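Trainee:
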Amino acid sequence: MLKRTLVRLNKIERINLSNASNSRLFNFSNLKSDALSELDKEDFVIYPNYLNIEEQKVLLKQLLKKLDRVCGKPRRNANLQRQHEEQYEEGNLQRAFCHKDMYRWQTSHFDNVITGYREANVRSMTVPNVVSEEGILGILKRLYGCLYDNSTEMTKLQANDMKDERLEDDDLSVPKWIQSHILHLSPDGTIQAHVDNQEAMGSTIMGLSLGEERLVEFNNESKGSFLVRLPSGSVYIQKSKLRYEYKHSILQGNCRDQRLSLMLRDQPSPK
2 MLKRTLVRLN KIERINLSNA SNSRLFNFSN LKSDALSELD KEDFVIYPNY LNIEEQKVLL
62 KQLLKKLDRV CGKPRRNANL QRQHEEQYEE GNLQRAFCHK DMYRWQTSHF DNVITGYREA
122 NVRSMTVPNV VSEEGILGIL KRLYGCLYDN STEMTKLQAN DMKDERLEDD DLSVPKWIQS
182 HILHLSPDGT IQAHVDNQEA MGSTIMGLSL GEERLVEFNN ESKGSFLVRL PSGSVYIQKS
242 KLRYEYKHSI LQGNCRDQRL SLMLRDQPSP K
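And the structure:
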């Protein structure tokens with residue numbers, strides 16, 4: 002059904018909660034000493050360098066094209082765009098974005114969780130009448146495979162039952178067993194503390210980070226909190242208690258730059 006990606010994943014650093022204390026990406030200083038042992042080691046996994054810089058550029062350009070088609074293209078302003086390009090060196094991932102003031106940011110989400118953002122739920126990464134970025138299909142297949150390899154056995158059975166079914170009839174269609182969501186945060190954008198909706202989502206969520214490094218904070222009223230850095234090109238997996246018993250939020254970045262994430266979730270189990 003799906004090509005397994007374990008051979009490649011074994012070559013990429015993978016950190017779960019059993020070895021997270023030794024990683025510079027995690028800060029457990031505000032978490033009670035017994036709280037970590039109560040979590041399953043696979044409740045949170047991160048691949049710090051899942052995509053290299055060239056792969057990040059390819060994916061970011063494609064996702065921005067898709068988001069612009071759904072949300073509307075940025076306003077044209079040559080002066081602002083020139084300022085933006087002069088701010089970053091050639092090759093910096095921020096150059097793939099337009100100047101922040103050229104975008105039409107949403108100020109508040111329907112549930113008041115997200116501020117300063119653009120978003121779209123997508124069934125395919127294809128943009129009609131626009132040439133897709135070279136190499137994009139291979140990158141997407143790797144991401145879908147990563148979600149599959151880190152999912153529960155129930156999700157894998159669900160994915161296997163759907164075999165090669167896709168949401169749309171094109172090469173860049175999202176597999177039918179996956180929900181796909183693009184989220185673009187402004188430099189001032191945040192995701193406020195929340196727990197996930199169990200009825201609207203499956204068992205596993207995967208997030209790919211592109212652009213500014215942000216911090217995700219997990220907070221439980223009785224257990225305390227901990228922080229995880231999400232560098233550009235990283236992929237994280239979140240399951241179980243960390244989705245439903247710990248509120249999680251994306252904090253503002255230090256550099257006040259833009260961030261785009263691709264969120265992949267398995268479909269809810271049929272009732």
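Numbering (the working numbering), first residue to last: 2 to 272. Virtual Cβ for every residue (Gly too), placed ideally from N, Cα, C. Small disclaimer: the values here were computed from a predicted structure and weren't measured.
Label Arg-257 either buried or exposed according to how many other C-beta atoms from any shown protein chain fall within 10 Å of its C-beta, with 16 as the threshold for buried.
Mentor: Flag for Arg-257 reads exposed.
Trainee: Taking the alpha carbon of Ser-133 as the reference point, which residue from Gln-84, Ser-22 and Val-59 has its own alpha carbon closest?
Mentor: Checked all of Gln-84, Ser-22 and Val-59; the closest Cα to Ser-133 is Val-59.
Trainee: Check Asn-161 in the structure and name its three-state DSSP category.
Mentor: The answer is helix: DSSP assigns Asn-161 an H, G or I state.
Trainee: Can you tell me whether His-100 is helix, strand or coil according to DSSP?
Mentor: Correct three-state label for His-100: coil.
Trainee: For Phe-219, collect the residues of the same chain with a Cβ closer than 7 Å to its Cβ; drop the 5 residues on either side in sequence, then sort them by chain order.
Mentor: Result list for Phe-219: Ser-226, Phe-227, Leu-243, Tyr-247 and His-249, in chain order.
Trainee: Exposed or buried, what is Thr-1 when buried is set at 16 or more other beta-carbons lying within 10 Å of its beta-carbon?
Mentor: Any answer about residue 1 is impossible in this case: the structure gives the chain only from 2 up to 272.
Trainee: Output the distance between the C-alpha atoms of Leu-141 and Ala-79, rounded to the nearest integer angstrom.
Mentor: Computed Cα separation, rounded: 32 Å.
Trainee: Within the stretch 42 to 99, note down every full beta strand (DSSP E) run reaching 3 residues or more, in order along the chain.
Mentor: Fully enclosed beta strand (DSSP E) runs of 3 or longer: 45 to 48.
Trainee: Is the Cβ-Cβ distance between Ser-125 and Leu-168 less than 8 Å?
Mentor: Closer than 8 Å, so yes.
Trainee: Roughly how many whole angstroms lie between the Cα atoms of His-85 and Leu-52?
Mentor: Spanning the two alpha carbons is a distance of roughly 24 Å.
Trainee: Which residues mark the beginning and the end of the beta strand (DSSP E) in which Arg-119 is found?
Mentor: That run of the beta strand (DSSP E) goes 115 to 123.
Trainee: Closer than 8 Å is the cut-off here; do at least three beta carbon pairs connect the stretch 11 to 18 with the stretch 197 to 213?
Mentor: No: the two stretches stay apart, fewer than three of their Cβ pairs being nearer than 8 Å.
Trainee: In angstroms with no decimal places, state the Cα-to-Cα distance between Ser-24 and Asp-165.
Mentor: For Ser-24 and Asp-165, the distance between alpha carbons rounds to 37 Å.
Trainee: When the distance is taken between beta carbons, is Ile-238 closer than 8 Å to Asn-151?
Mentor: It is a contact, given that the beta carbons lie within the stated cut-off.
Trainee: Can you tell me whether Gly-146 is helix, strand or coil according to DSSP?
Mentor: If DSSP states are grouped into helix, strand and coil, Gly-146 belongs with the helices.
Trainee: Nearest by alpha-carbon distance to Pro-35: which of Val-71, Ser-223, Arg-215 and Val-131 is it?
Mentor: The residue asked about is misnamed: residue 35 is Asp in this sequence, not Pro. Comparing Cα-Cα distances from Asp-35 to each of Val-71, Ser-223, Arg-215 and Val-131, the minimum goes to Ser-223.
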